[in-house]
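Quick notes on the structure that follows.
Numbering (the working numbering), first residue to last: 35 to 612.
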């Protein structure tokens with residue numbers, strides 16, 4: 035186990051701390067020093083110039099300097115001149131990008147009889163070391179109460195060292211919850227609500243509750259999110275595995291196969307379509323789920339193609355073909371090369387979020403003979419068999435899936451051992467908050483599957499757009515928050531539990547190496563990661579309120595009006611005379 039020893043610093047003794055477990059200098063300060071005060075190795079400068087790098091946004095890149103003052107990007111221009119009191123960082127030959135935004139994390143979450151080992155300090159510190167400068171965590175209600183749940187997470191987040199936002203889970207629905215949802219949206223800066231279709235007996239909701247929740251989300255302009263697995267069938271699958279004597283981690287994957295993820299994804303999509311509200315599907319782990327999202331996003335008529343999308347043409351999706359197949363009544367399944375842009379913009383408003391574990395891993399680790407090794411891969415939905423990850427990569431590159439999260443939800447080997455005799459008791463979750471940016475770069479950019487601009491889009495910008503905080507976040511333009519990374523494409527990285535910054539003692543990406551390393555992370559205008567040194571202060575992070583009615587809601591009212599006008603109902607009938 036990679037234990038970490040932190041020397042705690044106080045306001046009177048500001049001591050730099052070092053982890054003896056690796057050669058990197060991990061600088062932490064556990065005192066509650068306010069943001070902007072000098073301590074624990076933090077630079078006192080509020081002015082920065084990043085010079086000579088290639089500035090990359092989602093839709094544009096240029097060689098330019100970036101000038102930052104008081105946590106805000108002031109200018110992005112070539113050859114900027116500054117005074118001597120400005121700290122200068124040379125980024126020549128490197129990429130200057132918006133800091134990553136992780137849309138899916140679980141820090142300090144109470145779950146399955148224990149609590150995730152990374153809290154809002156250690157998890158965020160790990161994120162910063164990996165180039166992520168903001169995350170959105172899921173608030174779990176307390177006994178169904180949204181208000182109590184939020185108060186609990188506000189207390190947990192007091193030690194934050196980077197910016198964060200909140201989603202809210204919905205575990206029951208009544209008039210009180212409906213009122214609290216409105217408070218969350220209008221007063222608390224929460225614009226998304228998550229519904230678990232799995233975890234029967236704890237977090238799971240039924241279709242009736244889901245429908246009520248979808249309607250309420252629509253009325254509030256909040257984005258509905260789903261964990262899509264058929265919880266009833268998973269429960270049956272778990273009983274089946276136990277009856278067969280399969281009690282180890284492999285039983286976890288066998289009890290909840292891809293078809294159950296596909297079924298729940300399809301059901302949630304259809305119910306969201308029935309209500310006509312946008313839907314966000316979290317941690318898409320299988321071809322089955324991805325294809326349901328693809329069908330929904332592409333289920334529209336294309337006048338330029340004189341054809342309709344048809345399920346018989348669905349095979350093209352799983353083969354990673356970039357141009358769409360459509361069904362033509364005369365010619366059958368035919369490729370139409372002029373429809374790609376239409377395919378991405380028409381159809382149902384469904385967002386698909388893969389997570390980095392699903393993109394780069396397969397389920398072979400679950401069959402490892404060592405329980406500690408196998409159990410670290412247990413998450414839900416499960417990491418799938420080889421082949422699913424490659425198809426998900428293709429779907430990300432083709433725009434079927436839109437952004438990459440982590441579902442960072444970590445438990446150490448002692449916690450995982452709670453299920454040593456019964457896989458149903460293994461706490462579900464894997465790491466990824468520190469590794470995401472590097473692995474997406476190495477897997478997707480180095481392989482040529484996505485461009486550098488697309489890397490920015492799927493790791494930062496699209497998340498900012500979906501949760502309505504763009505361009506404050508997710509962009510390097512004048513006026514945006516100075517959350518910036520400098521990535522060296524020629525530098526390499528290696529992942530292992532001895533050098534990572536999470537508090538867990540295992541890592542599902544152990545031993546993985548690749549190209550493209552985040553060498554500098556700037557959060558709120560301050561350098562927090564440089565020269566392999568992490569310099570962070572608890573309490574320096576800010577809560578970011580996220581307003582409702584993001585771009586996905588544009589035109590919803592017109593679509594509703596069009597639907598109503600098409601009904602030709604009610605029909606006026608004369609009452610029969612007696």
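Ideal placement from N, C-alpha and C gives every residue a C-beta, glycine not left out.
Below 6 Å CB to CB, which residues in the same chain sit around residue i once its five sequence neighbours on both sides are set aside?
i: residue 558; result: 105
i: residue 543; result: 469 and 529
i: residue 441; result: 138, 317 and 389
i: residue 562; result: 162, 555, 569 and 570
i: residue 234; result: 265 and 269
i: residue 473; result: 390 and 394
What would DSSP say about residue i, mapped onto helix, strand or coil?
i: residue 596; result: helix
i: residue 138; result: strand
i: residue 526; result: strand
i: residue 504; result: coil
i: residue 611; result: coil
i: residue 329; result: helix
i: residue 614; result: A query on residue 614 cannot be resolved here, the shown segment of the chain reaching from 35 to 612 and no further.
i: residue 95; result: strand
i: residue 109; result: strand
i: residue 170; result: strand
i: residue 100; result: strand
i: residue 320; result: coil
i: residue 232; result: coil
i: residue 542; result: coil
i: residue 241; result: helix
Should residue i go down as buried or exposed, given a rule of 16 or more other Cβ atoms within 10 Å for buried?
i: residue 387; result: buried
i: residue 102; result: buried
i: residue 255; result: buried
i: residue 602; result: exposed
i: residue 169; result: buried
i: residue 225; result: buried
i: residue 499; result: buried
i: residue 475; result: buried
i: residue 308; result: exposed
i: residue 303; result: buried
i: residue 258; result: buried
i: residue 466; result: buried
i: residue 404; result: exposed
i: residue 217; result: exposed
i: residue 547; result: exposed
i: residue 593; result: exposed
i: residue 584; result: buried
i: residue 427; result: buried
Roughly how many angstroms lie between the CA atoms of residue i and residue j, to the nearest whole one?
i: residue 156; j: residue 604; result: 59 Å
i: residue 597; j: residue 608; result: 26 Å
i: residue 239; j: residue 180; result: 15 Å
i: residue 159; j: residue 196; result: 8 Å
i: residue 425; j: residue 328; result: 12 Å
i: residue 434; j: residue 229; result: 22 Å
i: residue 517; j: residue 567; result: 17 Å
i: residue 236; j: residue 460; result: 15 Å
i: residue 75; j: residue 121; result: Low per-residue confidence applies at residue 75: pLDDT is 46, beneath 50, and the placement is therefore not dependable enough to give any value.
i: residue 330; j: residue 81; result: 47 Å
i: residue 323; j: residue 413; result: 16 Å
i: residue 419; j: residue 321; result: 10 Å
i: residue 551; j: residue 127; result: 13 Å
i: residue 484; j: residue 90; result: 14 Å
i: residue 398; j: residue 299; result: 24 Å
i: residue 497; j: residue 447; result: 32 Å
i: residue 358; j: residue 432; result: Low per-residue confidence applies at residue 358: pLDDT is 44, beneath 50, and the placement is therefore not dependable, though the value from the model is reported in the following sentence. Residue 358 and residue 432: Cα-Cα distance of roughly 10 Å.
i: residue 478; j: residue 600; result: 44 Å
i: residue 183; j: residue 177; result: 8 Å
i: residue 509; j: residue 590; result: 27 Å
For residue i, which residues from the same chain have a beta carbon less than 7 Å from its beta carbon, with the 5 sequence-adjacent residues on both sides left out?
i: residue 267; result: 294
i: residue 531; result: 36, 539, 540, 541 and 544
i: residue 142; result: 149, 150, 153, 154 and 190
i: residue 382; result: 303, 307, 330, 331 and 333
i: residue 172; result: 140, 201, 203 and 228
i: residue 207; result: 243, 246 and 247
i: residue 575; result: 158, 194, 195, 196, 197 and 198
Report all residues from its chain with a CB closer than 8 Å to the CB of residue i; omit the five preceding and five following residues, and keep chain order.
i: residue 271; result: 288, 289, 290, 291 and 294
i: residue 275; result: 281, 285, 288, 289 and 457
i: residue 305; result: 241, 244, 245 and 248
i: residue 437; result: 137, 385, 387, 491, 492, 493, 496, 497 and 500
Could you tell me whether any Cβ in chain B is nearer than 8 Å to the Cβ of residue i?
i: residue 231; result: The structure shown has no chain B; it contains just one protein chain.
Unbroken stretches of the beta strand (DSSP E), 3 residues or longer, contained in the region 551-607: 560-564 and 567-570
Entirely enclosed alpha helix (DSSP H) segments - the region 383-470, minimum 4 residues: 390-394, 405-409, 422-431 and 447-450
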